[in-house]
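Undergrad: What follows is a structure written as structure tokens; I'll ask about it next.
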Amino acid sequence: MGNSSVLLVATSVERTYQEVEAALSGDYDMVRIQAGKDVIEAINAHEPAAIVLDLQIGNMGGVAACLEVRLESRAERIPIQKVFLLLDREADIFLAKEADADGWFVKPIDPLALQRLVTSETINQ
57 MGNSSVLLVA
67 TSVERTYQEV
77 EAALSGDYDM
87 VRIQAGKDVI
97 EAINAHEPAA
107 IVLDLQIGNM
117 GGVAACLEVR
127 LESRAERIPI
137 QKVFLLLDRE
147 ADIFLAKEAD
157 ADGWFVKPID
167 PLALQRLVTS
177 ETINQ
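Each residue of the sequence shown is one higher than the one before, starting from 57 at the first, in the numbering used here.
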């Protein structure tokens with residue numbers, strides 16, 4: 057897996073990043089990107105313990121970015137990653153499952169619940 061102290065967060069929304077940072081910065085060094093197309097490059101550069109993808113990330117959505125991470129992992133071009141999606145509504149859970157996300161969270165963000173989800177999954181990798 058990756059660097060156990062780095063969490064890659066992909067969102068183009070400042071408020072969403074601030075909420076994730078408030079919930080998880082005590083446990084991880086945060087690395088933020090603002091475009092889905094930058095996810096693979098950021099994985100290679102930072103070797104994160106986990107990735108949090110917002111459903112809406114600039115030019116490429118979180119679902120598409122998650123699918124790309126899974127394809128690149130299966131092709132052994134990047135290490136296997138723990139990927140979590142931040143969803144806009146309950147109906148988006150179907151998309152998270154189809155994208156093979158390790159977990160998801162429907163906004164608004166509950167800091168303690170997000171911390172439990174990400175921390176428990178990265179500890180159990």
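Virtual Cβ for every residue (Gly too), placed ideally from N, Cα, C.
Per DSSP, which one or two residues make a beta bridge with Leu-64?
TA: For Leu-64, which the question treats as bridged, DSSP gives the partners Val-87, Ile-107.
Undergrad: Suppose the cutoff is 6 Å on Cβ atoms and the five residues either side in sequence are ignored; what does the same chain contact list for Ile-89 look like?
TA: Within the same chain, Ile-89 has close Cβ partners Ala-66, Ala-98.
Undergrad: Please state whether the Cβ-Cβ distance between Gln-171 and Ala-79 is less than 8 Å.
TA: Yes, they are a contact pair.
Undergrad: Decide yes or no for the touch test of the stretch 153-168 against the stretch 127-136: beta carbon pairs closer than 8 Å, at least 3 of them.
TA: No, the stretch 153-168 is not in contact with the stretch 127-136.
Undergrad: For Arg-115, which of Asp-85, Arg-130, Lys-93 has the nearest alpha-carbon?
TA: Just to set this straight, residue 115 is Asn in the shown sequence, not Arg. With distances taken between Cα atoms, Asn-115 lies closest to Lys-93.
Undergrad: Can you check which of these residues, Gln-112, Leu-63, Ile-96, Pro-104, is closest to Glu-70 by C-alpha distance?
TA: Checking every option, the nearest Cα to that of Glu-70 belongs to Gln-112.
Undergrad: With which residues is Gly-117 paired in a DSSP beta bridge?
TA: Bridge partners of Gly-117: none, in fact.
Undergrad: Using DSSP's beta-bridge definition, name the partner residues of Gly-159.
TA: Per DSSP, Phe-140.
Undergrad: State the Cα-Cα distance for the pair Trp-160 and Phe-140, rounded to the nearest angstrom.
TA: Cα to Cα, Trp-160 sits roughly 5 Å from Phe-140.
Undergrad: Is the beta carbon of Ala-157 less than 8 Å from the beta carbon of Cys-122?
TA: The answer is yes: Cβ separation under 8 Å.
Undergrad: For Leu-127, is the classification buried or exposed, using 16 other Cβ atoms within 10 angstroms of its Cβ as the cut-off for buried?
TA: Exposed, by the Cβ-count rule.
Undergrad: I'd like the list of long-range same chain contacts for Ala-91, defined as Cβ closer than 6 Å, with 5 residues on each side in sequence excluded.
TA: Result list for Ala-91: Gly-114, Asn-115, in chain order.
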